[in-house]
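This report refers to the structure that appears directly beneath it.
Number of protein chains: 2
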Amino acid sequence: MEEYRFHHHQLYDRLVHHAQSMNGDGYHLRHLIRADSRMAAFSAIGGGIFFDYSRQRVDVTTMELLSALADAAAAMDQFADMATGKKVNVTENRAALHMAARSFSDVPVRVDGRDVKPDLKSVLSQIRTFSETLHRGEVTGSTGQAFRHVVVVGIGGSYLGTEFVARALEAFADKSISLEFLANVDIHNFGCIWSRIEPERTLWVVISKSYTTAETMANEDLIRRYMDANGLDPAKHLVTVTSKGSPGDQGADQGLAAFHMFDFIGGRYSVTSAVGGVPLSLYLGYERFERFLKGAEEMDRHAIEAAPTENIPLIAALLTVWNTSFLGYPQTAIIPYASPLSKLAPHVQQLNMESNGKSVNAAGQFLAEPAGTVIFGEPGTNAQHSFFQLAHQGKAVPIDFIGVLNPQYQMDEGRFKGVGHQQELWANMLAQATALAVGRESKNPAKSFSGNRPSSTIVLENLEPENVGRLLAFYEARTIYEAFIWGINPFDQFGVELGKVTAGTIRSEMAACNENSDYDFNAVDSINRKYLQMLFSGKLPG
Amino acid sequence: MEEYRFHHHQLYDRLVHHAQSMNGDGYHLRHLIRADSRMAAFSAIGGGIFFDYSRQRVDVTTMELLSALADAAAAMDQFADMATGKKVNVTENRAALHMAARSFSDVPVRVDGRDVKPDLKSVLSQIRTFSETLHRGEVTGSTGQAFRHVVVVGIGGSYLGTEFVARALEAFADKSISLEFLANVDIHNFGCIWSRIEPERTLWVVISKSYTTAETMANEDLIRRYMDANGLDPAKHLVTVTSKGSPGDQGADQGLAAFHMFDFIGGRYSVTSAVGGVPLSLYLGYERFERFLKGAEEMDRHAIEAAPTENIPLIAALLTVWNTSFLGYPQTAIIPYASPLSKLAPHVQQLNMESNGKSVNAAGQFLAEPAGTVIFGEPGTNAQHSFFQLAHQGKAVPIDFIGVLNPQYQMDEGRFKGVGHQQELWANMLAQATALAVGRESKNPAKSFSGNRPSSTIVLENLEPENVGRLLAFYEARTIYEAFIWGINPFDQFGVELGKVTAGTIRSEMAACNENSDYDFNAVDSINRKYLQMLFSGKLPG
């Protein structure tokens with residue numbers, strides 16, 4: 016079978032050749048960054064974010080070739096098609112309209128001839144009303160007490176983005192309402208949350224597009240049972256976020272409200288839909304959620320409209336493709352020098368790896384090599400004292416550094432060694448990017464730093480809701496641009512199906528043994544049979 | 016310069032050749048795991064843990080060759096040397112005696128002729144007394160109120176291991192005492208903690224071996240200032256964990272107590288020393304901390320004594336080397352199917368990547384290619400709904416699955432689809448390992464799973480303190496065995512030095528500008544100069 020290798024063989028070959036030439040010593044970053052014009056030439060500002068790629072292993076030729084690659088892939092055209100409702104999710108015959116959920120313009124966005132924006136606006140308005148009445152104490156639980164705990168019941172895209180935003184904006188949260196995440200079908204997860212909440216003051220926000228997600232449904236069932244057992248009416252303590260007409264859209268017997276989600280917004284792109292909207296409005300207040308949406312919208316406009324040489328999600332995406340497919344780096348680290356962004360890496364891990372960890376192109380042909388990159392990260396400076404040893408002296412890992420000019424906490428920092436905390440933090444971020452790029456020669460190999468290790472630096476003016484929205488939309492657009500350049504569909508996830516099917520087989524074996532303890536697990540292989548015996552005995556073998 | 020390629024060229028070449036043969040279709044995991052004897056032949060139990068590598072890409076020949084590699088490296092001899100106090104940290108001329116900190120035997124361990132165990136026992140006894148008197152309310156803050164908040168002030172190895180254990184055993188914690196971690200020199204980190212604690216009921220545990228760690232000292236300084244400003248005596252609210260004679264070992268004017276740490280225990284191996292001992296005894300009670308130590312000790316004995324074919328940390332280490340250096344996988348994911356183990360991956364990330372992310376061997380010669388592997392992970396099933404798309408259909412990632420037979424929460428789980436939560440969780444773990452190994456062919460490339468993706472499965476009987484200790488010691492021993500096989504020194508970390516030096520330069524520039532706002536940052540390159548202007552203006556450029 017012929018394998019697919021991007022769009023244009025000739026361009027691909029030129030990039031391969033150019034990547035080889037960049038390994039020459041004259042192209043070491045310690046030389047490249049010496050030019051005074053380096054940063055001006057290799058940075059851009061857009062959508063409210065500053066993006067500096069002066070310490071990536073690129074020169075003018077690299078960017079020209081990459082730009083040609085974006086052209087050849089018609090990346091910006093595809094992005095514009097997506098924005099206007101074309102069915103860019105070709106394998107599932109769906110549009111991808113997460114941007115419409117935060118579009119405050121009056122321009123209609125039609126799918127199959129029908130404008131989707133009135134539905135989206137109506138859900139947003141329903142979120143606003145619900146959140147405001149709940150905050151005023153007009154919506155209460157079954158004992159009439161105000162809600163103090165909101166528990167998101169959802170997994171993957173139904174909580175990771177919300178968790179990122181909630182943590183990022185925790186400093187602004189309504190301290191009278193706690194926010195917890197019940198994602199896992201793990202009794203530890205439920206047990207730990209149940210031990211922390213007051214059930215009579217708890218609102219469960221159950222999120223599942225199909226309302227059939229195995230983990231979420233098992234948790235929903237357990238919640239109903241525990242609420243019942245505590246003499247509370249589950250329907251007065253639960254709202255759903257789900258598709259119109261799903262088993263979770265059953266009216267007042269089921270919950271206080273159902274907020275609709277749509278098949279044209281995938282889970283990992285759903286933070287700005289009701290998936291994030293309901294919990295974040297309850298936790299932060301609707302106004303802050305709307306400010307967050309408006310920041311995302313600003314970045315969307317930039318991603319659609321900015322010229323290729325100024326378009327920061329597009330440039331960032333080209334750099335991912337360059338680092339992954341041409342320079343051969345198998346992973347990217349995200350290191351925000353701002354503790355509130357501690358959940359950005361887990362969110363982008365899902366967003367990016369589930370979108371782009373693919374082996375086939377959008378037309379269904381096998382790729383010459385799989386797309387995608389492993390994403391991981393922790394906040395700096397913490398990461399410096401964790402895995403940066405490897406980043407400096409082991410196999411190189413391209414890094415996104417993220418800095419924030421003005422912190423959320425404006426408190427007296429004093430000075431230690433002549434600087435405040437915020438300055439010390441920045442001194443470290445700048446030093447790491449510099450040290451990785453420049454390196455240091457030493458006669459002692461153990462104290463040598465080869466340098467030439469690439470990074471980008473993203474700067475936000477502050478961590479107000481708008482900027483968290485911009486950052487979220489930047490990583491979404493970047494992920495999608497990467498996919499369009501690689502020629503893959505970032506909106507499906509067939510790779511999660513086989514595990515579900517296999518889990519179903521094993522679940523049936525367990526259920527059979529629950530019914531008949533002599534059952535011998537004959538439908539599974541010999542390895543799994545031993546594990547099932549171990550689990551049912553509760554003991555290690557031997 | 017000649018590069019170093021493990022110990023024995025001939026053996027290395029045989030492994031390379033064998034790895035190539037394993038790419039043949041007859042060696043696909045779907046065939047290998049078919050044998051009924053597979054699991055018995057490729058699993059072991061030891062130190063209280065079950066370790067199954069039947070779904071790794073190995074056969075009998077692989078294990079024989081790897082075993083010869085361990086012999087050639089004298090890995091077990093080096094491990095025994097380490098245990099008996101030899102200076103295996105050759106670059107720093109130090110012993111590596113984290114195991115002595117949890118050895119309850121009477122066998123002396125001598126460094127330079129002097130038994131270190133009396134000192135270690137004396138610190139442990141001091142921890143016990145302090146923790147017990149504090150829990151009885153006999154140690155209080157400067158207003159006479161009992162402590163309710165413990166804040167660990169330390170970074171890297173001074174908190175990551177403690178955070179892992181505290182989270183793992185949270186279900187057993189004394190609910191009257193909260194535990195927070197102030198690691199980062201980030202005003203968000205301090206501000207967020209300060210907003211959550213009652214200062215008059217807070218004990219700060221400041222941890223730094225040298226008591227010169229930049230972040231920790233800046234935070235210690237800020238804490239003293241804020242406690243003073245609140246009319247509280249910092250010395251009555253602070254204990255230190257530090258080296259004898261360090262600036263943090265200054266008696267009653269400085270703090271309530273100083274607990275000593277030693278140069279023969281490195282930060283990332285220090286959880287079972289006073290670094291973990293002080294906060295974990297306060298949070299969990301001393302008895303549970305001691306049970307945790309005893310579990311670790313049991314795994315240590317196994318790692319020292321078990322025959323190579325039964326020695327699970329050694330086998331696991333050989334598999335890392337096999338997967339990394341011969342099969343070419345650049346990363347490993349750790350996926351515990353148990354939410355309390357959510358901080359295991361960040362801990363092992365530091366432990367392993369800081370130990371083994373190296374480019375030189377222990378004798379100071381450059382390696383042919385850098386050692387080490389990127390570690391990342393999240394709990395399952397959450398990870399299935401996040402990055403497992405890539406694990407199934409993108410570039411393969413070897414995985415450590417971790418299962419727990421009996422959960423900490425023994426509550427009524429009911430049954431949903433015929434199974435309880437714990438069973439559903441296990442059905443998923445087993446299904447993922449199976450699906451990754453076996454794959455599935457399909458005419459539609461988008462729904463094809465190539466399979467042959469390796470994993471190990473680790474099983475614990477429960478999550479009592481002993482098992483958390485065993486798991487911790489397993490990953491420590493595995494990391495060290497990997498290093499001995501690669502021929503590197505896992506106990507130094509020269510790779511973190513350059514960033515510190517560079518940060519010092521940038522800090523001085525900031526301090527100069529704090530003194531004189533006209534300062535023009537002339538000691539840094541043009542890129543950093545622009546960043547410093549940005550930071551001091553508080554605004555994005557343009």
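Chains as they are written, first to last, in my numbering: chain F, 16 to 557; chain H, 16 to 557.
We put the beta carbon where it would ideally sit given N, CA and C, even for glycine.
Computed from a predicted model, the values in this text were never measured in an experiment.
Outcome for residue i when other beta-carbon atoms lying within 10 angstroms are tallied against a minimum of 16
{"i": "Met16 (chain H)", "result": "Here Met16 (chain H) scores only 44 on pLDDT, less than 50, and its place in the model is too uncertain to base an answer on."}
{"i": "Ser275 (chain H)", "result": "Looking at the sequence provided, one finds His at residue 275 (chain H) rather than Ser. It counts as buried."}
{"i": "Lys259 (chain F)", "result": "exposed"}
{"i": "Asp507 (chain H)", "result": "buried"}
{"i": "Met151 (chain F)", "result": "Before going on, a small fix: residue 151 (chain F) reads as Arg here, not Met. By the neighbour-count rule (16 or more Cβ atoms within 10 Å), Arg151 (chain F) is not buried but exposed."}
{"i": "Ala85 (chain F)", "result": "buried"}
{"i": "Val256 (chain H)", "result": "buried"}
{"i": "Val221 (chain F)", "result": "buried"}
{"i": "Lys635 (chain H)", "result": "Summary: the structure shown does not reach residue 635 (chain H), with chain H confined to residues 16 through 557, and so no result is reported for it."}
{"i": "Gly39 (chain F)", "result": "exposed"}
{"i": "Asp92 (chain H)", "result": "exposed"}
{"i": "His362 (chain F)", "result": "buried"}
{"i": "Ala244 (chain H)", "result": "exposed"}
{"i": "Lys224 (chain H)", "result": "buried"}
{"i": "Gln25 (chain F)", "result": "exposed"}
Boundaries (first-last residue) of the alpha helix (DSSP H) holding residue i
{"i": "Thr494 (chain H)", "result": "Pro480 to Trp501"}
{"i": "Ser193 (chain H)", "result": "From DSSP, Ser193 (chain H) is part of no alpha helix (DSSP H) but of the beta strand (DSSP E) over Ser193 to Leu197."}
{"i": "Gln141 (chain F)", "result": "Lys132 to His150"}
{"i": "Val73 (chain F)", "result": "Premise fails: Val73 (chain F) is in no alpha helix (DSSP H) and is neither H nor E."}
{"i": "Thr347 (chain H)", "result": "Segment Gln346 to Pro351 is the beta strand (DSSP E) holding Thr347 (chain H); no alpha helix (DSSP H) there."}
{"i": "Ile60 (chain F)", "result": "Segment Ser58 to Gly61 is the beta strand (DSSP E) holding Ile60 (chain F); no alpha helix (DSSP H) there."}
{"i": "Phe179 (chain H)", "result": "Leu175 to Ala183"}
{"i": "Ser210 (chain H)", "result": "Ile202 to Arg211"}
{"i": "Thr257 (chain H)", "result": "Counting along the chain, Thr257 (chain H) falls outside any alpha helix (DSSP H), though it belongs to the beta strand (DSSP E) covering Leu253 to Ser258."}
{"i": "Asp415 (chain F)", "result": "It is not in any alpha helix (DSSP H) - Asp415 (chain F) instead sits in the beta strand (DSSP E) that spans Ile414 to Asn421."}
Pair within 8 angstroms by beta-carbon distance, residue i and residue j
{"i": "Phe279 (chain H)", "j": "Val126 (chain H)", "result": "yes"}
{"i": "Leu81 (chain F)", "j": "Asn467 (chain F)", "result": "no"}
{"i": "Asp134 (chain H)", "j": "Pro123 (chain H)", "result": "no"}
{"i": "Arg163 (chain F)", "j": "Ser191 (chain F)", "result": "yes"}
{"i": "Gln437 (chain F)", "j": "Ile202 (chain H)", "result": "yes"}
{"i": "Ala289 (chain H)", "j": "Val138 (chain H)", "result": "yes"}
{"i": "Thr494 (chain F)", "j": "Leu366 (chain F)", "result": "yes"}
{"i": "Leu356 (chain F)", "j": "Pro394 (chain F)", "result": "yes"}
{"i": "Glu320 (chain H)", "j": "Ala59 (chain H)", "result": "no"}
Unbroken beta strand (DSSP E) run spanning residue i, endpoints
{"i": "Trp219 (chain F)", "result": "Thr217 to Ile222"}
{"i": "Ala273 (chain H)", "result": "Ala272 to Met276"}
{"i": "Leu475 (chain H)", "result": "Ser470 to Asn477"}
Cutoff 8 angstroms: residue i Cβ touching any chain C Cβ
{"i": "Lys358 (chain H)", "result": "The chain labelled as chain C is not found among the protein chains of the depicted structure, namely F and H."}
Rounded Cβ spacing between residue i and residue j (contact assumed at less than 8 angstroms)
{"i": "Leu253 (chain F)", "j": "Leu271 (chain F)", "result": "7 angstroms"}
{"i": "Ala331 (chain F)", "j": "Ser552 (chain F)", "result": "With 8 angstroms as the limit, Ala331 (chain F) and Ser552 (chain F) do not qualify as a contact, their Cβ atoms being about 52 angstroms apart."}
{"i": "Val483 (chain F)", "j": "Ala183 (chain F)", "result": "5 angstroms"}
{"i": "Gly263 (chain H)", "j": "Gly171 (chain H)", "result": "The pair is not a contact, with the Cβ atoms about 16 angstroms apart (cut-off 8 angstroms)."}
{"i": "Leu230 (chain F)", "j": "Val200 (chain H)", "result": "For clarity, residue 230 (chain F) is Glu in the given sequence; the question names Leu instead. 38 angstroms between Cβ atoms; not a contact."}
{"i": "Thr335 (chain F)", "j": "Glu497 (chain F)", "result": "5 angstroms"}
Residue i Cβ short of 7 angstroms to the ligand FAD heavy atom set
{"i": "Leu356 (chain H)", "result": "The model on display carries no ligand, and the ligand FAD is accordingly not part of it."}
(request) May I ask you to verify whether the region 291-299 of chain F touches the region 186-201 of chain F, counting CB pairs closer than 8 angstroms and requiring at least 3? (result) Yes, they touch.
(message) Assess contact between the region 441-454 of chain F and the region 206-218 of chain H, defined as three or more Cβ pairs (one per stretch) separated by less than 8 angstroms. Is contact present?
(response) Per the Cβ contact rule, the region 441-454 of chain F is not in contact with the region 206-218 of chain H (fewer than 3 Cβ pairs under 8 angstroms).
(message) Tell me whether the region 100-119 of chain F and the region 358-373 of chain F touch, counting them as touching only if at least three CB pairs, one residue from each stretch, are closer than 8 angstroms.
(response) Per the Cβ contact rule, the region 100-119 of chain F is not in contact with the region 358-373 of chain F (fewer than 3 Cβ pairs under 8 angstroms).
(request) For the region 518-535 of chain F and the region 46-54 of chain H, state whether three or more C-beta atom pairs, one from each stretch, are separated by less than 8 angstroms. (result) Fewer than three Cβ pairs drawn from the region 518-535 of chain F and the region 46-54 of chain H lie within less than 8 angstroms of each other, which leaves the two stretches out of contact.
(request) Would you be able to state if there are at least three C-beta pairs under 8 angstroms between the region 345-354 of chain H and the region 414-426 of chain H? (result) Taking a cut-off of 8 angstroms on C-beta distances, the region 414-426 of chain H touches the region 345-354 of chain H, as three or more cross pairs fall below it.
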